[in-house]
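According to our numbering, the residues represented by the sequence shown are 16 to 820, in order.
Just so you know, even glycine gets a beta-carbon here, dropped at the ideal spot from N, CA and C.
All values reported here derive from a predicted model rather than from experimental measurement.
Please read the structure below before turning to the comments.
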Amino acid sequence: MKNFKLFATVLITILWIYFLNKPITTKSSTIPPLGSFLSPWEGFWHNEGVKDVIFGAIHSKALTAPASITWDTRLVPHIFAQNNEDAFFLQGYTMASLRLWQIDMLARSAGGRLAEVLGGERLIQRDQQQRRLGMLFGAENAVKGWRTDKDKFKILEAFTNGINQYISELKSRDLPIEYKLMGFKPEPWTILKTACIVKYMAQSLCSRESDLEASNTKKLFGDSLFNFLYPAYFEGQSPVIPEGNKWNFSTVTIQDSVSLFKEFDGLYSRSTEVPQEGLGSNNWAVSGKKTKTGHPILCNDPHLRLTLPSIWMENHINTPDMNAYGVSVPGIPGILIGFNDSIAWGETNVGQDVADWYQISWADSTKTSYFVDNKPQKINYRIEEIKIKNKPSLLDTIKYTSWGPVVSEDLKDPHIGLAYHWIAHEIPTSFEMSVFLNLMKAKNYNDYTNALAGYSNPAQNFIFASKDGDIAITVNGKFPIKKQEQGRFVSDGSQSQNAWHGYIPSIQNPRVKNPERGYVSSANQNSTDPSYPYYYNGDFDNFRGRQVNAFLDKMTGIQPSDMMEMQNSTFSLKAKENLPLMLEALDTTSLSSEQKNIFIQLTGWDLKFSAGSNQAMIFNAWYRSVYRNTFDEIYTSKDSSVLLYPKTGITASLMKLYPDHKIFDLQSSKKIETAKDIIQMSFVETINDLKNQNRLNQTWSEFAKPKIQHMANLPGFSSDDLQVGGIGDALNATANGSGPSWRMVVSLGDSTLADVILPGGQSGNPASSFYDNMLSYWATGKYQKAIFINIPANIPALGTQSFTH
16 MKNFKLFATV
26 LITILWIYFL
36 NKPITTKSST
46 IPPLGSFLSP
56 WEGFWHNEGV
66 KDVIFGAIHS
76 KALTAPASIT
86 WDTRLVPHIF
96 AQNNEDAFFL
106 QGYTMASLRL
116 WQIDMLARSA
126 GGRLAEVLGG
136 ERLIQRDQQQ
146 RRLGMLFGAE
156 NAVKGWRTDK
166 DKFKILEAFT
176 NGINQYISEL
186 KSRDLPIEYK
196 LMGFKPEPWT
206 ILKTACIVKY
216 MAQSLCSRES
226 DLEASNTKKL
236 FGDSLFNFLY
246 PAYFEGQSPV
256 IPEGNKWNFS
266 TVTIQDSVSL
276 FKEFDGLYSR
286 STEVPQEGLG
296 SNNWAVSGKK
306 TKTGHPILCN
316 DPHLRLTLPS
326 IWMENHINTP
336 DMNAYGVSVP
346 GIPGILIGFN
356 DSIAWGETNV
366 GQDVADWYQI
376 SWADSTKTSY
386 FVDNKPQKIN
396 YRIEEIKIKN
406 KPSLLDTIKY
416 TSWGPVVSED
426 LKDPHIGLAY
436 HWIAHEIPTS
446 FEMSVFLNLM
456 KAKNYNDYTN
466 ALAGYSNPAQ
476 NFIFASKDGD
486 IAITVNGKFP
496 IKKQEQGRFV
506 SDGSQSQNAW
516 HGYIPSIQNP
526 RVKNPERGYV
536 SSANQNSTDP
546 SYPYYYNGDF
556 DNFRGRQVNA
566 FLDKMTGIQP
576 SDMMEMQNST
586 FSLKAKENLP
596 LMLEALDTTS
606 LSSEQKNIFI
616 QLTGWDLKFS
626 AGSNQAMIFN
636 AWYRSVYRNT
646 FDEIYTSKDS
656 SVLLYPKTGI
666 TASLMKLYPD
676 HKIFDLQSSK
686 KIETAKDIIQ
696 MSFVETINDL
706 KNQNRLNQTW
716 SEFAKPKIQH
726 MANLPGFSSD
736 DLQVGGIGDA
746 LNATANGSGP
756 SWRMVVSLGD
766 STLADVILPG
776 GQSGNPASSF
786 YDNMLSYWAT
796 GKYQKAIFIN
806 IPANIPALGT
816 QSFTH
């Protein structure tokens, strides 16, 4: 009996060890072995004691001269080096030390390599989609282009070497906890991985298009109704470049012919993800004539996906020819938004469409060639190997045309396919991020304009201010020359005349310097008014740009605190323009006493989406109901998922100017409804629905449930209980998981002063006190002073790393 118990104990122990060290594969994912994760020597227990930074002397043969990193009390690295290559080596080293898992996952996500380490059908499909969209193809082309700029390529190599230096020093027990949870280890960094992250940015910021949905909706509504509901330019817009600007140049002429083609008989389906809505930004710079000090102030708050770790990382880089401070995207060298001793700069996204779909006409049933100008063209093939954890690789053959990769062939018509033409596939003439490396050492307006030259994508509104007193903004990027409405719908890929007609010369990109009004600004609205001589289409915001300009028009004696208040404004211009019309249309005599009380509350609302506002919650729900009932033709369609929804900027003009328009008529009733009917019905429905769901007294934050999730959606590493206000059309555009990912207010005078904050912290380690230490400041609209000092000894520091060579 004793021997049996001993045998059973040994057997159970062996089986338990086997279980802990064997991956568990399910349909959706692969769970890594738990043995290493639970190990008392190298497991997750150790991460709580892992230090963000190990101070002291570090030796590296990659450095050419002694250098140092002083870490301040907010864990911002202040890099001091004697040349630029050493500085960017250290920037790579610091990024890896704080955000290694993050940069790894960003590169894998962009390049279609998640299933390789995580497995699961969902990620296999996503990897396949990324490859079919040409993400890895575009990254490889980027590296080809970067190699032609030898000086910048040396910086890329130094940056890569810095990341790898840290990886080589990293012990298994000190791996970020996500590696232990997911059961894989970091591999050496490469320049291709940096290129993948650059393409990740491009995919987020310049791949949005609605060609498929617009084509379908135009077919459903017809030309007249489509053009009415989807105007190319919103009449109330306040563009980035002030209206009335004179365009003193001769344009590139093209033959403005229209190619008619036999459209697909059905509706186009979308097999790819569309970048999330709400990604945008605000920036503005005010001249000295509008500020209290007489010196310019520059402000920027990019609205991106809010995640932990934060999407940005603060850096300060000091060399003999640059002293720059700001934020970087982990995995990419340089400072993307920031300032130096002489200037400040920032960006918002340009909404112009640089991604078009082309309908391919196959030349034969084998789909090995396609027609262009009635001549068959051979397909080029690219085989993508998608590695899968604990399974054989998937080999996917992608067909490439002169337009780009054929992403979709399953259109229920064997004669056609859809090819994707995207500017980020092209081989660049230089390193796209060179603009930021040059801005880091710019001294004046001329340096700023020279720095912008050669930038391709993602297109950005580059704002500028200098101690010389200049302010400026440039709509910068590589923009295709298009015929009227070209790229707004699916294009005919069988006609070569439907190709882009070259690119707008960069000198003719919209720009303005020192405008009479005393400020420059952008918030993702149209770049110009319709007088700009080149056609462009895209996705543009109709509210925030007008709100920024309305605020700044009235302001004088501006101080940094005024700018911070503006960045945190939850005032909704959409509510200001729609709510009075909705209230005026209500027949209050038919309302219950409870509904009348809510009506009275809404009449006294301050139009702000503050966290504790009940009126904001009720207005939002009511407006959404009005919108849904107005455009019920789309919502009730069996094809609603592949149709284009009108911009919310149009609703106020519909209610005010066209209250009897047929669009207000409900498809489900025999009565002919007007705007007044829709508003009344929607109000009653909304109040009843909220009451039935016990949500009638909720605050805006209780209703919207704003949160910041871990990149891998790990609940314990996320922040789910944020009491913050904001909405997508307010300057504080916190909504749907996106919002101000970095707030910066820079005062340029005798010395450069900056107030900054990001929604998280510098560290990627969830156990670190620097993981989300700035989140509470951000949530309450507070800022912290950037420590911008030229001498490392004067920096309030946690400690210093000294690097020898």
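CA-CA distance, residue i and residue j?
| i | j | result |
| --- | --- | --- |
| Glu202 | Ile693 | 58 angstroms |
| Arg526 | Asp765 | 27 angstroms |
| Tyr642 | Tyr673 | 15 angstroms |
| Pro811 | Phe803 | 11 angstroms |
| Pro407 | Leu129 | 15 angstroms |
| Phe494 | Ala439 | 12 angstroms |
| His436 | Ser656 | 23 angstroms |
| Ala808 | Asp226 | 56 angstroms |
| Thr585 | Lys623 | 5 angstroms |
| Tyr650 | Gln682 | 11 angstroms |
| Tyr215 | Ser124 | 8 angstroms |
| Lys662 | Asp280 | 27 angstroms |
| Gly775 | Trp793 | 8 angstroms |
| Ile375 | Gly366 | 26 angstroms |
| Trp60 | Ser284 | With a pLDDT of 43 at Trp60, under the threshold of 50, the modelled position of this residue cannot be trusted, and the question is left open. |
| Tyr3 | Gln97 | One cannot answer for residue 3 here, as it falls past the ends of the chain, which runs 16 to 820. |
| Asn364 | Ala457 | 22 angstroms |
| Tyr550 | Ala801 | 42 angstroms |
| Glu424 | Tyr245 | 29 angstroms |
| Lys528 | Ala339 | 23 angstroms |
| Phe241 | Arg532 | 36 angstroms |
| Pro92 | Asn330 | 6 angstroms |
| Ser762 | Gln510 | 53 angstroms |
| Lys234 | Lys414 | 29 angstroms |
| Leu113 | Pro345 | 9 angstroms |
| Asn156 | Asp142 | 19 angstroms |
From the DSSP output, read off the bridge partner residues of residue i.
| i | result |
| --- | --- |
| Ile352 | Val342 |
| Gln616 | Partner(s): none; Gln616 has no beta bridge. |
| Gln392 | Tyr385 |
| Ile534 | A quick correction: the sequence has Tyr, not Ile, at residue 534. DSSP, once it has assigned bridges, lists Val301 as partnering Tyr534. |
| Ile312 | Val301 and Ser762 |
| Asp770 | Val760 and Lys800 |
| Ile401 | Leu409 |
| Asp87 | Ala812 |
Would the C-beta of residue i count as close to the ligand NAD, meaning under 8 angstroms from any of its heavy atoms?
| i | result |
| --- | --- |
| Gln816 | Absence of the ligand NAD from the depicted structure is noted, as is the absence of any ligand whatsoever, leaving it without description. |
Where do the N-terminal and C-terminal ends of the alpha helix (DSSP H) with residue i fall, by residue?
| i | result |
| --- | --- |
| Gln374 | Unbroken run through Gln374 is the beta strand (DSSP E), Ala370 to Ser376; no alpha helix (DSSP H). |
| Arg639 | Asn629 to Thr645 |
| Ala590 | Leu588 to Ala600 |
Hey, residue i and residue j are a contact pair by Cβ (cut 8 angstroms); roughly how many whole angstroms apart?
| i | j | result |
| --- | --- | --- |
| Tyr194 | Ala111 | Tyr194 to Ala111, Cβ: 13 angstroms. No contact. |
| Ile496 | Ile519 | 6 angstroms |
| Ile212 | Leu171 | With 8 angstroms as the limit, Ile212 and Leu171 do not qualify as a contact, their Cβ atoms being about 12 angstroms apart. |
| Pro781 | Ile69 | Wrong, their Cβ atoms sit about 19 angstroms apart, outside the cutoff. |
| Tyr396 | Thr381 | Their Cβ separation, rounded to whole angstroms, is 13 angstroms, which puts Tyr396 and Thr381 out of contact at 8 angstroms. |
| Leu746 | Lys722 | Incorrect: roughly 21 angstroms between the Cβ atoms, too far for contact. |
For residue i, report the span of its beta strand (DSSP E) as first-last.
| i | result |
| --- | --- |
| Thr209 | Run containing Thr209: none in the beta strand (DSSP E); it sits in the alpha helix (DSSP H), Ile206 to Cys221. |
| Pro407 | Lys406 to Tyr415 |
| Arg758 | Arg758 to Leu763 |
| Ile358 | Ile358 to Asn364 |
| Gln822 | The displayed coordinates of the chain run from 16 to 820. Any statement about residue 822 would go beyond what the structure contains. |
| Phe104 | Unbroken run through Phe104 is the alpha helix (DSSP H), Asn99 to Gly126; no beta strand (DSSP E). |
| Leu813 | Ala812 to Thr819 |
| Arg526 | Arg526 to Lys528 |
| Gly71 | Gly71 to His74 |
Requested in this report: Could you tell me whether the region 466 to 475 touches the region 236 to 252, using the rule of 3 or more Cβ pairs below 8 angstroms?
Outcome: no
Query raised in the report: With contact counted as at least three CB pairs below 8 angstroms, one residue from each stretch, are the region 732 to 747 and the region 447 to 454 in contact?
Result: no
Report task. Decide yes or no for the touch test of the region 186 to 206 against the region 109 to 120: beta carbon pairs closer than 8 angstroms, at least 3 of them. Result -> yes
Query raised in the report: Three or more beta-carbon pairs under 8 angstroms between the region 486 to 506 and the region 228 to 238, yes or no?
Result: yes
Report task. Inspect the CB distances between the region 299 to 310 and the region 558 to 575 and report whether three or more fall short of 8 angstroms. Result -> yes
Query raised in the report: Touching or not, the region 314 to 327 and the region 743 to 763, by the rule of three or more beta carbon pairs under 8 angstroms?
Result: yes
Report task. Determine, using beta-carbon pairs with one atom in the region 409 to 422 and one in the region 369 to 384, whether at least three such pairs fall under 8 angstroms. Result -> yes
Requested in this report: Could you tell me whether the region 705 to 715 touches the region 257 to 271, using the rule of 3 or more Cβ pairs below 8 angstroms?
Outcome: no
**Report entry** At least three beta-carbon pairs within less than 8 angstroms, the region 173 to 190 to the region 89 to 105
**Finding:** yes
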